[in-house]
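K.L.:
Below is a structure I'd like to ask you about.
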Amino acid sequence: MNQVRTRFAPSPTGFVHIGSIYLTMFDYIVAKKYHGQFIIRVEDTDQNRYVEGAEDALFRALDWFGLTSDEDPIKGGPFAPYRQSERLDIYRQHAEILLKNGHAYYCFCTKERLEEHRKQQESKRQPSMYDKHCRSLSEEEVQSNLAKKVSYVVRMKIPENEIIKVQDALMGEIEFDSNLIDDQVLLKSDGFPTYHLAATVDDHLMEITHVIRGREWMPSTPKHVLLYRFFGWEKEMPPFIHPPLILKSEGQGKLSKRDNVSSIDYYKSEGFFPEAILNYLANIVWNHPDGKEIYDWKEFEQAVDINTPKVINITSQAPKFDLKKLEWVNGEYIRKMSDEELTKRLQEFLVDHPNKDQIGPVVPLIKERITKLSDFVPLTDFIWEKPEYDMEVFKKIQPKVDRPLDEKINPPAGGQKMVLEKILGVMETLPRPWNAEEFEKSFRKLAEDDLPAGGQGKIKVGDMFQLIRVAVSGQLITPPLFESVKIIGEKEILDRVKWVVENFGEFNE
RNA sequence: GGCGCGUUCGUCUAGUGGUUAGGACGCUGGGUUUUCAUCCCAGUAAUCGCGGGUUCGAAUCCCGCACGCGCUACCA
Numbered sequence: 013m014n015q016v017r018t019r020f021a022p023s024p025t026g027f028v029h030i031g032s033i034y035l036t037m038f039d040y041i042v043a044k045k046y047h048g049q050f051i052i053r054v055e056d057t058d059q060n061r062y063v064e065g066a067e068d069a070l071f072r073a074l075d076w077f078g079l080t081s082d083e084d085p086i087k088g089g090p091f092a093p094y095r096q097s098e099r100l101d102i103y104r105q106h107a108e109i110l111l112k113n114g115h116a117y118y119c120f121c122t123k124e125r126l127e128e129h130r131k132q133q134e135s136k137r138q139p140s141m142y143d144k145h146c147r148s149l150s151e152e153e154v155q156s157n158l159a160k161k162v163s164y165v166v167r168m169k170i171p172e173n174e175i176i177k178v179q180d181a182l183m184g185e186i187e188f189d190s191n192l193i194d195d196q197v198l199l200k201s202d203g204f205p206t207y208h209l210a211a212t213v214d215d216h217l218m219e220i221t222h223v224i225r226g227r228e229w230m231p232s233t234p235k236h237v238l239l240y241r242f243f244g245w246e247k248e249m250p251p252f253i254h255p256p257l258i259l260k261s262e263g264q265g266k267l268s269k270r271d272n273v274s275s276i277d278y279y280k281s282e283g284f285f286p287e288a289i290l291n292y293l294a295n296i297v298w299n300h301p302d303g304k305e306i307y308d309w310k311e312f313e314q315a316v317d318i319n320t321p322k323v324i325n326i327t328s329q330a331p332k333f334d335l336k337k338l339e340w341v342n343g344e345y346i347r348k349m350s351d352e353e354l355t356k357r358l359q360e361f362l363v364d365h366p367n368k369d370q371i372g373p374v375v376p377l378i379k380e381r382i383t384k385l386s387d388f389v390p391l392t393d394f395i396w397e398k399p400e401y402d403m404e405v406f407k408k409i410q411p412k413v414d415r416p417l418d419e420k421i422n423p424p425a426g427g428q429k430m431v432l433e434k435i436l437g438v439m440e441t442l443p444r445p446w447n448a449e450e451f452e453k454s455f456r457k458l459a460e461d462d463l464p465a466g467g468q469g470k471i472k473v474g475d476m477f478q479l480i481r482v483a484v485s486g487q488l489i490t491p492p493l494f495e496s497v498k499i500i501g502e503k504e505i506l507d508r509v510k511w512v513v514e515n516f517g518e519f520n521e
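Position 504, counted from 1, in the first sequence is what this note's numbering calls 516; the numbers after and before it change by one each time, with no gaps.
Next comes the structure, spelled out in structure tokens:
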């Protein structure tokens, strides 16, 4: 069997879209499963849409996902160059072959004429297609126009009255009426090829064995089938695989540039793992035979079998993007990761964090509490910095007592201050270094026996610890209290609690 | 408008003539827990887009319709 060769053919026209990664993943697993080659070919044939730096961003993104190519414009390879703008001669030569064997023709129609024609068709509610005006030009007219350097394009001569059959891997045989297929432009007036010519020629020349591309290409596949025929390459025509497009989670249409979740920059900045994203992307079109939801791309290879018609056993329906589920998948990766690995990833992610060398001990505390790396910061800020205290937060803890306390303790704010003073007192006498058992025991005792002064009532243990939590962190939700306290250190804790007691009721007004 | 594809819980998916239509996310409730989260348990939710057939029997096969998506450029 021939080497399996797949390709991802991006056009550098903007930021890297999640859909590109989704498609590249298919290319990658098909090639890797059979120890073949995965190629990146840059389709920069539209000079108007070219965006400086887009290609670079793409390579960085693919690298991040570990979707490394065997041949590409940077690495080179046996079929270089891999940038279509550097292969213009090749397309020109192939256009000439078609011109010569009668499958293509010169078209000198102006853009104005085409536009006018299109408008007329639309007003008559007819399908908008080229009227094949230049198909009937005489040889003399063509030569004369060429001699006069009249601007031209090369169009494909689509045969009439024929049913073009396309074998689509995922959808089976699809029939197209050739009369409804436009005489596609193959070579533009600027000498650049259109996608149809360039991709077909390159796929053949680069010996691509499986064409995997977005579903939006399906309607133009009959043109490509025809090109294979016109060039006499029918026998080597690869299977076409058109995975479904990813749709917006709400509203209508496919995931577009306007959706923030469509850019991979979003995932990088939020701290998602590339492998988790890949897992999610596989998951929306494929289900693991064991019912597993969490698996890596190696397992996703099970979906691939080039000896079956579908090649990749995925669903044909277009899925909606679900960020919630991606977050869940990412959280699963975080939880199953070793503390060391997670620490490393956090340090890489938190490049500017002032205490990033000290996050190691904190990691086990937050591992089950974050779903993406960016969640780390708001959850742990208080560990390194004295928090901003807010009376509103304290007011949310309404100590519940089993019977009325004296008027000094009610209203609650007053009671809280008194309790905080008691807490400070216990902390000051607690033998150092503090240990978890002693810490908990002392405060339980405080809650159950020594509060309030005079023994008139009890505070719930939970409320007690909440008060300590807020005094230490300024917030109601934190990683485990004692572990956090240990990391912060006895002295700093005492300073904070003392400050809170002294300034109670004053801050944040 | 034309052409093509698609249509099972809110979302992703299993299911290929006989199932209590299964799993996952989400959501809700409960348990564990000093908060949150994790973990565990339970629940919620799909008359399988609609209407006709075929059949003893249909989510599964056929036809029609509706809806959704894509394409309809000298863009990819």
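Note that CB positions come from ideal geometry on N, CA and C, so glycine has one too.
Are the stretch 113–122 and the stretch 151–167 touching by the rule of at least three beta carbon pairs closer than 8 Å?
P.N.:
Enough Cβ pairs lie closer than 8 Å, so yes.
K.L.:
Could you tell me whether the stretch 379–392 touches the stretch 278–296, where touching means 3 or more Cβ pairs closer than 8 Å?
P.N.:
The stretch 379–392, when compared against the stretch 278–296, does touch it at the 8 Å Cβ threshold.
K.L.:
For G44, write down the residues that DSSP places opposite it in a beta bridge.
P.N.:
Just to set this straight, residue 44 is Lys in the shown sequence, not Gly. The partner list for K44 (beta bridge, DSSP) is empty, contrary to what the question assumes.
K.L.:
Is the separation between the beta-carbon of I175 and that of D195 shorter than 7 Å?
P.N.:
Taking 7 Å as the Cβ cut-off, I175 and D195 do not qualify as a contacting pair.
K.L.:
Leaving aside the five residues before and after A69 along the sequence, list all residues of the same chain whose C-beta is less than 7 Å from its C-beta, in chain order.
P.N.:
Correct list, in chain order: F27, V28.
K.L.:
Of the residues G203, M141, L458, V273, which one's Cα is nearest the Cα of I33?
P.N.:
Here the closest residue by C-alpha is V273.
K.L.:
Please report how far the alpha carbon of I253 lies from the alpha carbon of F406, in whole angstroms.
P.N.:
Approximately 60 Å, taken between the alpha carbons.
K.L.:
Give me the DSSP bridge partner(s) of S275.
P.N.:
S275 is bridged to H29.
K.L.:
Using C-beta distances below 7 Å, list every residue in its chain close to V63, excluding the 5 sequence neighbours before and after it, in chain order.
P.N.:
The answer, listed in chain order, is P24, T25, G26.
K.L.:
Measure the Cβ-Cβ separation of D84 and I52 and say whether it is below 7 Å.
P.N.:
Yes. Within cutoff.
K.L.:
How is H300 classed by DSSP in three states: helix, strand or coil?
P.N.:
Looking at H300 - three-state DSSP - the assignment turns out to be coil, as it is neither helix nor strand.
K.L.:
Less than 7 Å separating the beta-carbons of T57 and P205?
P.N.:
For T57 and P205, yes; Cβs fall inside 7 Å.
K.L.:
When you compare the stretch 389–402 with the stretch 486–503, are there three or more beta-carbon pairs, one atom per stretch, that lie closer than 8 Å?
P.N.:
As far as the Cβ criterion goes, the stretch 389–402 touches the stretch 486–503, which means the pair count is three or higher.
K.L.:
According to DSSP, simplified to helix, strand and coil, what is V534?
P.N.:
Within the shown structure, residues of the chain are numbered from 13 to 521, placing residue 534 beyond reach of any answer.
K.L.:
Can the beta-carbon of A181 be found less than 7 Å from the beta-carbon of K322?
P.N.:
Yes. Within cutoff.
K.L.:
Could you tell me the boundaries of the alpha helix (DSSP H) in which A294 lies?
P.N.:
First-last of the alpha helix (DSSP H) with A294: 286–295.
K.L.:
Let me check one thing: in DSSP terms, what residues is C119 bridge-paired to?
P.N.:
Bridge partners of C119: V165.
K.L.:
What residue range does the alpha helix (DSSP H) around T212 cover?
P.N.:
That run of the alpha helix (DSSP H) goes 207–217.
K.L.:
Taking the C-alpha atoms as reference points, what is the distance between P286 and L267?
P.N.:
Each residue's alpha carbon lies about 19 Å from the other.
K.L.:
Around the C-beta of K434, are 16 or more other C-beta atoms found within 10 angstroms, so that it is buried, or is it exposed?
P.N.:
Buried, since its Cβ has 16 or more Cβ neighbours within 10 Å.
K.L.:
Can you grab the Cα-Cα spacing for the pair Q105 / P90, in whole Å?
P.N.:
Taking the straight line joining both Cα atoms gives about 20 Å.
K.L.:
By DSSP, does Q179 sit in helix, in strand, or in coil?
P.N.:
Looking at Q179 - three-state DSSP - the assignment turns out to be strand.
K.L.:
Please classify N14 as buried or exposed, where buried requires at least 16 neighbouring CB atoms within 10 angstroms.
P.N.:
Exposed.
K.L.:
Which ranges does the alpha helix (DSSP H) cover as unbroken runs of at least 4 residues, wholly within the stretch 81–141, from first to last along the chain?
P.N.:
Within the stretch 81–141, the complete alpha helix (DSSP H) runs of at least 4 residues are 100–112, 123–135.
K.L.:
Could you pull the DSSP bridge partners for H222 from this structure?
P.N.:
According to DSSP, H222 bridges with T18.
K.L.:
Kindly indicate which residue of S232, Q96, Y345, D351 has the alpha-carbon position closest to the one of F188.
P.N.:
Residue S232 is the option with its Cα nearest to F188.
K.L.:
Three-state secondary structure (DSSP) at Q196?
P.N.:
Q196: coil per DSSP, three-state reduction.
K.L.:
If you scan the stretch 222–250 from start to end, which runs of the alpha helix (DSSP H) of 4 or more residues do you find wholly inside it?
P.N.:
Counting only runs of 4 or more, we get 233–243.
K.L.:
Return yes when the Cβ of R95 is within less than 7 Å of the Cβ of I220, no when it is not.
P.N.:
Cβ atoms of I220 and R95: not closer than 7 Å.
K.L.:
P399 by DSSP, collapsed to three states: which one?
P.N.:
It is coil, neither helix nor strand.
K.L.:
Grab the span of the beta strand (DSSP E) containing D189 for me, first residue to last.
P.N.:
Per DSSP, D189 belongs to the beta strand (DSSP E) from 184–189.
K.L.:
Using the C-alpha atoms, what's the distance from P491 back to V512?
P.N.:
Approximately 20 Å, taken between the alpha carbons.
K.L.:
Do I306 and E353 have their C-beta atoms closer together than 7 Å?
P.N.:
No.
K.L.:
Once DSSP output is grouped into helix, strand and coil, what is the label at K498?
P.N.:
In this structure, K498 counts as helix in the three-state DSSP scheme.
K.L.:
Might you give, ordered along the chain, the residues of its own chain that have their beta carbon closer than 6 Å to the beta carbon of S97, omitting 5 neighbours on each side?
P.N.:
For S97, where only same-chain residues beyond five positions count, the Cβ hits under 6 Å are D56.
K.L.:
Classify Q468 as helix, strand or coil using the three-state DSSP reduction.
P.N.:
For Q468, the predicted model reports a pLDDT of 48, less than 50, meaning its position is unreliable; a value from the coordinates is still stated below. DSSP places Q468 in coil when its eight states are reduced to three.
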